[in-house]
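S.K.:
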Amino acid sequence: MKNDLLLTNETAKILYQSFAAGMPILDYHCHLEARDIAEDKRFRSIAELWLGGDHYKWRFMRACGVEERFITGDAPEAEKFKKWAGVLERGLGNPLSCWSHMELKQYFGYDGVLNERTAGEVWELCNARLSEPEMSAKGLIAGSGVKLLCTTDDPADSLLWHQKLKAEFSDPKKRERFPVRVLPAWRPDQALAVQKPSFAAYMDSLGKAASMEIGNLSDLEQALEKRMLAFHELGCRVSDHGLERMVYTPVSRNKAEEILKKGLGGGAVSQEEAEAYQTYLLLFLGEQYHRLGWAMQIHYGCSRNNNSRMYRLLGADTGFDCIGEESPSARLIGFLDALSGEKKLPKTILYSLNPKDNEQIDSVIGCFQDPETGALLQHGAAWWFNDHSAGIRSQLTSLASIGCLGNFVGMLTDSRSFISYPRHDYFRRILCGLVGQWMESGEYPYDMETAGRLVQDISYRNAVRYFGFDQDSFRL
239 MKNDLLLTNE TAKILYQSFA AGMPILDYHC HLEARDIAED KRFRSIAELW LGGDHYKWRF
299 MRACGVEERF ITGDAPEAEK FKKWAGVLER GLGNPLSCWS HMELKQYFGY DGVLNERTAG
359 EVWELCNARL SEPEMSAKGL IAGSGVKLLC TTDDPADSLL WHQKLKAEFS DPKKRERFPV
419 RVLPAWRPDQ ALAVQKPSFA AYMDSLGKAA SMEIGNLSDL EQALEKRMLA FHELGCRVSD
479 HGLERMVYTP VSRNKAEEIL KKGLGGGAVS QEEAEAYQTY LLLFLGEQYH RLGWAMQIHY
539 GCSRNNNSRM YRLLGADTGF DCIGEESPSA RLIGFLDALS GEKKLPKTIL YSLNPKDNEQ
599 IDSVIGCFQD PETGALLQHG AAWWFNDHSA GIRSQLTSLA SIGCLGNFVG MLTDSRSFIS
659 YPRHDYFRRI LCGLVGQWME SGEYPYDMET AGRLVQDISY RNAVRYFGFD QDSFRL
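Numbering-wise, this note's numbering puts 507 at position 269 of the sequence shown, and it's gapless, one number per residue.
1. Along the beta strand (DSSP E) that carries isoleucine 536, what are the first and last residues, could you check?
2. Could you tell me the boundaries of the alpha helix (DSSP H) in which leucine 244 lies?
3. For the segment 364-419, which segments carrying the alpha helix (DSSP H) assignment without a break, of at least 4 residues, lie completely within its bounds, in sequence order?
4. Rounded to the nearest angstrom, what separates arginine 475 and leucine 387 at their Cα positions?
5. Do you know whose CA, among Leu270, Ser256, Asn645, Asp242, lies nearest phenylalanine 656's CA?
6. I'd like to know whether the C-beta atoms of valine 432 and isoleucine 379 end up nearer to each other than 8 Å.
7. Quick check on DSSP: helix, strand or coil for tryptophan 622?
8. Secondary structure at leucine 502, three-state DSSP: helix, strand or coil?
9. Could you check the C-alpha separation between phenylalanine 469 and proline 683 for me, to the nearest Å?
10. So the alpha helix (DSSP H) leucine 650 belongs to, where does it begin and stop?
11. Have a look at leucine 368 and aspartate 349 and give me their C-alpha separation to the nearest angstrom.
12. In angstroms with no decimal places, state the Cα-to-Cα distance between alanine 506 and serine 374.
13. Answer with buried or exposed for alanine 628, where buried requires no fewer than 16 other C-beta atoms within 10 angstroms of its C-beta.
14. Check whether the Cβ atoms of alanine 689 and valine 647 lie closer than 8 Å to each other.
15. Would the beta-carbon of leucine 669 fall within 8 Å of that of isoleucine 696?
16. Looking at the unbroken beta strand (DSSP E) that takes in glutamine 607, where does it start and where does it end?
17. By how many angstroms is the C-alpha of glutamate 563 removed from the C-alpha of leucine 458?
18. Relative to the C-alpha of leucine 637, which residue among Gly290, Asp600, Thr586 is closest?
19. How many Å lie between asparagine 543 and leucine 552 at the Cα?
20. Helix, strand or coil for serine 436 per DSSP?
21. Quick check on DSSP: helix, strand or coil for serine 541?
22. Using the C-alpha atoms, what's the distance from glutamate 306 back to phenylalanine 623?
23. Would you mind stating whether valine 420 and isoleucine 275 have Cβ atoms separated by less than 8 Å?
24. Quick one: what does DSSP say isoleucine 275 is sitting in, helix, strand or coil?
25. Report the three-state DSSP secondary structure of isoleucine 657 (helix, strand or coil).
26. How many angstroms separate the CA atom of proline 422 from the CA atom of tyrosine 294?
27. Taking lysine 318 as part of the alpha helix (DSSP H), name the residues at either end of that continuous run.
28. To the nearest angstrom, how far is the alpha carbon of aspartate 312 from that of histidine 400?
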């Protein structure tokens, strides 16, 4: 793993070494568990840490013909790791190859090549390293240079572990040992899933969390407002929505009430009705985010759980999702315009899983930038199937060409792994390569001080400013 990885020109090397490399990390969207952080989880082996919940690796192993028992099954962890090592050499061009070797180098000091021949020595090295005190969940986060991270939390969550983490952060001695702010992020997908059989049971859970019963639309809105206040008091400043497709089917309040009651009663809800209810609730939530000063993230364009047999065996989020639908231009514009027309459009970050949507997103958000109301829109980082070098360059190039790259809030891990922070370094190297290319070609002035400041802004400072987190926690 060379030090000039992805730094494709001399200017890029200067930008990276002098400006980007030392910047802290603000990870505003990840899927780490607050409980694992609060309890300072330790890991049995590199297999648990690396393969325990990483559906990126699971998909690749399946593509290489590895049997499921070595992926999500009951095979011994050492054998699972050996299988992963054995297929990694086939990962040319796949970011998993870069990420895996970056992680081995950063966290385990291993500078060699992982493959079937070296699997044994890497297994022993990593497991020995994991036994050291600093290789716990908190140690891995703090040692990665993270200043703040946002987990992904359901409105019905008790937030117990976030309360514990907040109390620890407020204690100067404990904060000195773990100087990382861990905040909840609001993910109300289940409250929108009115067509699912589990909807009524979820509404019961949400009602209990809000200390009330939910029997109608007013109840639901009140419950969500109460839970948002609880999240806000714990530092939450960002929401997230995972949609298979962007929705915008305007509907009256009475009709939304009718659909909600059908879902609460276990009745069949059509796709059209579901999208109408989702539109109503998303508009309501968007208004609340604007009132609270939160940012709204919307992820769309994912077709989920496509392999029905494996879904029955393993459940959701096990590696059987793919890029979905056509570009939802009219629906996206209608949704943003409905909130903007009432001056209630919050800060919004849009992510499409379909890379064909890059230019569309960048042109659409330009229609709704509104400094007066604080509705500053962002094209989110290259997501999921696009967070490889080509996908990141494509997203950055589109945003720069049509929008404003200098204001971009940068990278996030979107990960369940405690050692995926090298993805920020991967992103910063690509960013420096692209900026360096523009400077050397004359497309951007060769002003190293200005370019370096912009690289640092995109790497870290823009996110601190944009989300409005307590800036006393950060070094700007």
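C-beta atoms are modelled at their ideal positions from N, C-alpha and C, and glycine is treated no differently.
M.R.: Let me spell this out:
1. 533-538
2. Segment: none, leucine 244 is in no alpha helix (DSSP H) and carries neither H nor E.
3. 375-381, 398-408, 410-415
4. 12 Å
5. Leu270
6. no
7. helix
8. helix
9. 44 Å
10. Element bounds for leucine 650: n/a, residue is neither H nor E.
11. 17 Å
12. 47 Å
13. exposed
14. no
15. yes
16. No beta strand (DSSP E) contains glutamine 607, which DSSP labels as neither H nor E.
17. 30 Å
18. Asp600
19. 10 Å
20. coil
21. strand
22. 22 Å
23. yes
24. helix
25. coil
26. 24 Å
27. 315-326
28. 32 Å
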